[in-house]
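Trainee: Numbering (the working numbering), first residue to last: 7 to 125.
Glycine included, every Cβ here is placed at the ideal spot set by N, Cα and C.
Encoded as structure tokens, here's the structure I'll be asking about.
Given below as structure tokens:
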């Protein structure tokens with residue numbers, strides 16, 4: 007392979023990485039905005055539960071898998087466990103607000119010249 011082809015391949019790989027990163031950032035922003043809407047938390051909870059059950063189903067198909075819950079017949083227990091994990095993770099995170107959702111108040115802060123500051 008000559009040098010020109012090698013540079014072209016590297017450029018294409020770099021561009022693919024950038025496109026992937028932009029797509030991930032957009033996805034994260036959309037999820038965050040959805041969670042801040044009414045019903046967003048419930049939708050996320052349902053999605054986590056569905057993915058947990060699907061993943062467990064895939065694990066159960068493997069012949070060499072060792073990880074199993076104590077009660078295979080208790081599907082509601084598996085879902086409750088997934089929701090508990092999601093709930094605990096949610097509690098540990100401080101709510102994130104995009105700049106467009108921040109409130110501006112009209113008080114001075116520590117001698118600032120501006121009469122407004124963002125919360």
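Keeping to the same chain, check which residues put their C-beta closer than 7 angstroms to that of residue 84; ignore five residues upstream and five downstream.
Mentor: By 1-based counting over the chain shown, the position of residue 84 is 78. 58, 59, 62 and 75.
Trainee: With DSSP run on the structure shown, which of helix, strand or coil describes residue 43?
Mentor: Looking up residue 43 in the chain shown gives position 37. Coil, per DSSP.
Trainee: How would you label residue 88, buried or exposed, when you count the other beta carbons within 10 angstroms and need 16 or more for buried?
Mentor: Numbered from 1 along the chain shown, position 82 holds the residue referred to as residue 88. Answer is buried; the Cβ neighbour count reaches 16.
Trainee: How many Å lie between residue 29 and residue 13 at the Cα?
Mentor: For the purposes of this step, residue 29 is taken as the residue at position 23 of the chain shown. For the purposes of this step, residue 13 is taken as the residue at position 7 of the chain shown. If you take the alpha carbons of residue 29 and residue 13, they lie about 24 angstroms apart.
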